Amino acid sequence: MIDEVLFLRHGRTAYNLARRLQGQIDIPLDIVGRWQADQSAYELAKTYYWAKVAHLAEHNDQLAQPAYGNAHLADVDEINNAPAAARRMLVVSSDLFRAQQTAHAFADLMGLDVELDPRLRERSFGEWEGMTREEICEHYADDYHSWRAHTGGETKHGVESRIHTGRRGAEAVRDIVAKHHDETMPTTLLLVGHGSWIVATVAVLLDMDPDDLNNVGAMRNAFWTRMTPHTDPRNADRPTWKLEEFNQGPAIASFADWENGPESLRAPGMPLWKPIIQ
Numbered sequence: 015m016i017d018e019v020l021f022l023r024h025g026r027t028a029y030n031l032a033r034r035l036q037g038q039i040d041i042p043l044d045i046v047g048r049w050q051a052d053q054s055a056y057e058l059a060k061t062y063y064w065a066k067v068a069h070l071a072e073h074n075d076q077l078a079q080p081a082y083g084n085a086h087l088a089d090v091d092e093i094n095n096a097p098a099a100a101r102r103m104l105v106v107s108s109d110l111f112r113a114q115q116t117a118h119a120f121a122d123l124m125g126l127d128v129e130l131d132p133r134l135r136e137r138s139f140g141e142w143e144g145m146t147r148e149e150i151c152e153h154y155a156d157d158y159h160s161w162r163a164h165t166g167g168e169t170k171h172g173v174e175s176r177i178h179t180g181r182r183g184a185e186a187v188r189d190i191v192a193k194h195h196d197e198t199m200p201t202t203l204l205l206v207g208h209g210s211w212i213v214a215t216v217a218v219l220l221d222m223d224p225d226d227l228n229n230v231g232a233m234r235n236a237f238w239t240r241m242t243p244h245t246d247p248r249n250a251d252r253p254t255w256k257l258e259e260f261n262q263g264p265a266i267a268s269f270a271d272w273e274n275g276p277e278s279l280r281a282p283g284m285p286l287w288k289p290i291i292q
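If you use our numbering, the sequence shown corresponds to residues 15 to 292, in order.
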C-alpha cells in the first residue's frame with residue numbers, strides 16, 4: 015500500500031530561464047537545472063537511503079560482489095533482514111524529458127527504475143506555449159490579465175484549465191494508489207512532474223479550488239511536496255489527503271543562488287534568472 019507520496023518538480027530549463035511557457039513542449043534541463051536536480055537528489059537520498067537497501071533486498075542479484083576467487087562475499091542476509099527491507103519506493107515520472115532527467119538524478123543513485131506516465135505531463139498552454147508573458151500581454155492583454163487573475167481568459171487560446179489539470183493529476187494519483195491498495199508492503203511513491211501540474215493536483219486532492227488566488231502557492235524548480243493518504247474503510251477507493259510539506263528543497267537552496275546555480279556553471283554572458291515583478 016502507498017502511504018506516502020512525494021511530488022518533485024523538474025529542474026530549470028532554458029525556457030524557465032527565458033520565462034517562456036513550456037507546457038507540453040519537450041525541452042531538456044539546462045546546466046543549472048541538472049545541478050538543481052542533482053542537489054535535490056542528493057538531499058532526498060539522505061532521507062530515503064533505505065530505498066536503496068530495500069531495492070537490493072528485493073533484487074539480491076544486483077548487489078555488487080567481488081568477481082575473483084577466494085574473495086569474501088557481501089552478506090545478503092544483512093540486507094534482507096534490515097528494517098529498510100520492509101518498505102519500498104516507486105518512482106513514476108512525466109514522460110517529458112526534463113522530468114525524466116530529474117527522476118533519474120534520484121532513481122539512479124538508489125538503483126531504482128523509473129516508470130513513465132503521460133498523465134503527469136505539465137498543464138497544456140495551447141497556442142501560448144513557447145511565448146513569454148510579455149509577448150502574451152502584448153497580443154492578448156485582456157486574456158493575459160484574466161489568466162493572471164485566475165478568471166479563465168487563457169482557455170480561449172487552447173490552454174488547459176487549472177481545474178482540468180488538477181483533476182487529471184488527481185485521477186492519476188488515485189489510480190496509482192488504488193493499484194497498490196491490496197499490497198501489504200508500505201510504499202513511498204515519488205511522482206516527478208511539473209510546477210503547474212503539481213500545484214493543481216495537490217489542490218484537487220485537498221478539495222481546494224485550483225483557481226483560488228489564496229491557494230497553496232507555486233513550486234520552485236527541483237523542490238518537492240509531500241502528502242499522505244488516509245483511507246476510510248467505508249470509502250476505500252477515495253482516500254483523504256494530508257499535506258505534510260509543501261515546496262521544500264535541499265539545504266543548499268537556502269544559502270546558494272538556487273535559480274542561477276553556482277558561478278562555476280555560468281558561462282560568460284549567460285543571462286540570469288530574475289523573479290517576476292508584478
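Quick reminder that beta carbons are idealized off the backbone N, C-alpha and C, glycines included. Being a predicted model, the structure only gives us computed values, none of them experimental.
The three-state secondary structure of ARG34, taken from DSSP, is strand.
Rounded to the nearest angstrom, the gap between the Cα atoms of ILE150 and TYR158 is 6 Å. DSSP places MET124 in the helix class (H, G or I) of the three-state scheme. Under DSSP, GLN262 shares a beta bridge with TRP238. Closest option to ASN261, judged by alpha-carbon separation, among ASN274, SER268, MET233, GLU277: MET233. Among the bridge pairs identified by DSSP, PRO243 is matched with TRP255. The C-beta separation of ARG112 from LEU43 comes to about 5 Å, placing the pair in contact by the 8 Å criterion. Fewer than three beta-carbon pairs drawn from the region 219-228 and the region 190-201 are found closer than 8 Å, and the two stretches are therefore not classed as touching.
Shortest Cα-Cα distance from GLY209 to any of SER138, ASP127, ASP246, PRO264 involves SER138. Boundaries of the alpha helix (DSSP H) harbouring LEU58: 45-61, taken from the DSSP string.
By the Cβ neighbour-count rule, LEU70 is buried, with 16 or more other Cβ atoms within 10 Å of its own. Cβ neighbours of PHE237 within its own chain (closer than 8 Å, five residues either side excluded): LEU22, ARG23, SER54, ASN261, GLN262, GLY263, ALA267. When C-alpha distances from THR245 are compared across ASN235, THR239, LYS256, the shortest belongs to LYS256.
Per DSSP, reduced to three states, the secondary structure at ARG137 is coil, with no helix or strand assignment.
Restricting attention to VAL46, MET124, GLU92, the CA atom closest to the CA of LEU286 is found in VAL46. Each residue's CA atom was taken as its position, placing ARG147 and TYR29 some 12 Å apart. In this structure, the beta-carbon distance from VAL128 to GLN114 falls below 8 Å. Straight through space, the alpha carbons of VAL90 and GLN79 are spaced by roughly 10 Å.
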